[in-house]
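Numbering (the working numbering), first residue to last: 44 to 491.
These notes concern the structure reproduced below.
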Amino acid sequence: MQQGSAIRCSNCGQPFNAHVYSYIDAQKDPQAKGLLVNQQINRFQCPNCGNVNVVLAPLLYHDAVKELLIACVPMELNFSKDQQERVIGDLMKQLPKEGFKAYMFNPKRALTMNGLIEMVLGADGVTPEMIDEAKKRTARVQKFVEASDAELDALIAAHDSEIDLAFIQTFTSLAQRLVQGGRPDMAQAVLATQAVVVQKSSYGKELQQQQAEQEAVVQDVADRLQAMGAGARREDLAALALDFVDDEMRLQALVGLVRPVFDASFFDLLKQMESDAPDTEKPKFARLNTLLSQYIMLIDQQAQLRVSAAVSVLQSMLEEPDIDAAIARNAHAIDETLIAVLNANLQEAQRRRDVQTSAKLKAIYERVVALIQQSMPEEVVLVEELLQAPSLDDARAIVMDGMAQHGETLIDVMATIAQQLDEEGRTDLSERLHILIAEAQSALGPSA
Ligand SMILES: [Zn+2]
């Protein structure tokens, strides 16, 4: 629960409004929990002088799933025992009235904010030792970021054996916190340092090597799918999957590439094939079934994670008053998932008749699409243009110009997009393309 309070800057005396937390519900407000464990709760930067003001306020933390209720009345407030009890009684009034359970009558006590954070993290399985390690890592990361280029090389060499995944990930979380704290410039510096660490440390090199190997495997599987052609049937795919039954990397890549193929009918087919197979072959099918189910779960979870990541990127874009700055800062995160999330939110805002949000979402959408078009091959942009051209004649003119510049590759791109549209059932759009493709081919003459 947030309360709007007027606070006065301890440095310059400027009064300003701040949302002081007195209740955190871990399920309903995970962001507040994030602020708490990152020691950012009830810290407010003065809009006038930039001084960070820490507001010491009594706080009630509630996690219904873990049946955890902690009241924190910071020692520094110097409340008497009676005052503390009264304050805790007041805090407890913020608990939901329904579903009151035994643990809620007797909250645990934390004497300091740090104590509260330790208890919250402890309930998540994070020990004080782990917190200490993380603090040390963060301090070291900061040292790396502040170093000059030459110093950084020396630091990487000196700490090479300690550079591991946790260390490299610390850069990412530090950058995230800086972005949330309104310092994208500093976040950029942190990520630039991270890139150097990945490039020059032994562990980073190993990581790059692994990534390159993974990419090669994915490429190989993609090539085999491509070789099966557009007319591939479920049976062909099942045969390919069986080929990979002892090659987990390739099998995983296959699921990642064509996840939608692995539906209920596919597994029915697999069952059928298993019962038709000789006894010696049957264990292979059982193994394939288990592995496929695992990878499908993994990939669906990853997709879910990508969606939540896209949602938070979009959220931060919406909060930023300057849309161009917001997009520039999140350019690396612009992908299909973000566009799908953006679209869904736009529709939802329109349905709610939330004019302000939908206008902003629309502005973001247009800029994002423009950005993607900038990075697309010119031929694809041309095809989009001719699809949107007001008449067939206008489209014809675009094809003429385009052919002069790009020659036959333009026809190839047109054919690919026409095929995609056909597959999506958008024959209203593909019809124009088919006409133009036929015209362009006959214009090229019989050799084409
Ligand atoms: Zn101030």
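C-beta: ideal position from N, C-alpha, C; glycine also.
Helix, strand or coil: how does DSSP classify residue i here?
i	result
lysine 109	coil
histidine 202	coil
alanine 413	helix
isoleucine 407	helix
phenylalanine 287	coil
glutamine 137	coil
arginine 469	coil
valine 301	coil
phenylalanine 122	coil
valine 184	helix
phenylalanine 143	coil
alanine 275	coil
serine 490	Confidence at serine 490 is low in this model, with a pLDDT of 48, below 50, so its placement is unreliable and the value that follows should be read with caution. Coil.
proline 321	coil
aspartate 378	coil
proline 433	coil
leucine 425	helix
alanine 447	helix
isoleucine 480	helix
serine 485	helix
aspartate 306	coil
valine 169	coil
serine 244	coil
alanine 383	helix
serine 191	coil
proline 364	coil
proline 227	helix
Straight-line CA distance for residue i to residue j?
i	j	result
valine 188	leucine 195	8 Å
proline 73	proline 303	32 Å
glutamine 295	alanine 432	42 Å
tyrosine 146	leucine 134	15 Å
leucine 430	alanine 353	29 Å
glutamine 269	glycine 247	32 Å
leucine 331	glutamine 257	21 Å
aspartate 290	methionine 340	18 Å
arginine 469	glutamate 379	19 Å
glutamine 395	leucine 389	First, the residue type needs correcting, since residue 395 is arginine and not glutamine in the sequence shown. One C-alpha to the other measures close to 10 Å.
methionine 292	arginine 349	21 Å
methionine 360	leucine 221	15 Å
arginine 267	glutamine 137	60 Å
cysteine 115	alanine 153	5 Å
alanine 200	methionine 229	24 Å
methionine 511	glutamine 231	Residue 511 lies beyond the range of the chain shown here (44 to 491); nothing can be said about it.
isoleucine 382	glycine 132	47 Å
asparagine 35	glutamate 409	Past the boundaries of the shown model lies residue 35; the chain is included only from 44 to 491, so the question cannot be answered.
serine 65	leucine 78	13 Å
asparagine 149	phenylalanine 309	54 Å
glutamine 315	glutamate 278	11 Å
aspartate 125	glutamate 141	28 Å
proline 58	proline 90	9 Å
alanine 481	leucine 487	10 Å
leucine 335	alanine 438	46 Å
Who pairs with residue i in a beta bridge, going by DSSP?
i	result
lysine 151	Ile113
proline 58	Arg51
aspartate 68	His105
arginine 86	Val97
Ligand 1 and residue i: does any heavy atom of the ligand fall closer than 8 Å to the residue's C-beta?
i	result
glycine 56	yes
asparagine 14	Outside the shown range of the chain (44 to 491) lies residue 14, about which nothing can therefore be said.
glycine 165	no
glycine 468	no
glycine 93	yes
cysteine 115	no
Could you say which of the options lies nearest to residue i if we only look at CA atoms?
i	options	result
alanine 193	Lys314, Asp106, Val240	Val240
alanine 374	Ala114, Ile174, Ile407	Ile407
glutamate 451	Gln484, Asp465, Ile460, Asn94	Gln484
proline 227	Gly132, Ile339, Ala369	Ala369
lysine 144	Ser473, Leu112, Leu208, Leu283	Leu112
methionine 457	Lys124, Glu467, Leu280, Val442	Val442
isoleucine 206	Lys179, Lys314, Leu381	Lys179
lysine 71	Glu467, Asn81, Gly165, Asp106	Asp106
aspartate 263	Ala282, Leu300, Thr236, Arg276	Leu300
asparagine 121	Pro139, Ala275, Ala100, Ala218	Ala100
serine 355	Ala282, Ile377, Leu476	Ile377
aspartate 436	Phe59, Leu476, Gln83, Val98	Leu476
phenylalanine 210	Ala166, Ala190, Gln185	Gln185
arginine 51	Asp68, Gln82, Phe87	Phe87
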